[in-house]
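Undergrad: Its first residue numbered 3, the sequence shown is counted upward by one per residue in the working numbering. Every residue gets a Cβ at the ideal spot worked out from N, C-alpha and C, and that includes glycine. For reference, the structure I am asking about is given below.
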Amino acid sequence: MAVPKKKTSKSKKNMRKSHDFIKAQNILVCDNCGAPIIAHNVCKFCSYYKGRNISIITPTEEITENQV
């Protein structure tokens, strides 16, 4: 089994672990409703993404809209 010949310094250890951290998510404000949203995601409150409505229509909703 391999055994290190010398102690790993604090500097080398910290340089190796420099990328092992959790990055903060990029929080933006929705252009449509002003709610806080995560970047590159559809707004949970108004279903808008990049100025477009991305609401998902289920088949039951389509039937009720056509009958009215």
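I need the boundaries of the alpha helix (DSSP H) containing M17, first residue and last residue.
TA: The sequence position of residue 17 within the sequence shown is 15, counting from 1. Segment K12 to R18, the alpha helix (DSSP H) holding M17.
Undergrad: What are the boundary residues of the beta strand (DSSP E) that P38 is part of?
TA: Start at 1 with the first residue of the sequence shown, and residue 38 comes out as number 36. First-last of the beta strand (DSSP E) with P38: P38 to I40.
Undergrad: Mapping the DSSP letters down to three states, classify N55 as helix, strand or coil.
TA: Taking the first residue of the sequence shown as position 1, residue 55 is located at position 53. In the structure shown, N55 sits in a strand (DSSP, three-state: E or B).
Undergrad: Could you please give the first and the last residue of the uninterrupted beta strand (DSSP E) stretch that includes V5?
TA: Locating residue 5 in the sequence shown gives position 3, counting from the first residue. From DSSP, V5 is part of no beta strand (DSSP E); its letter is neither H nor E.
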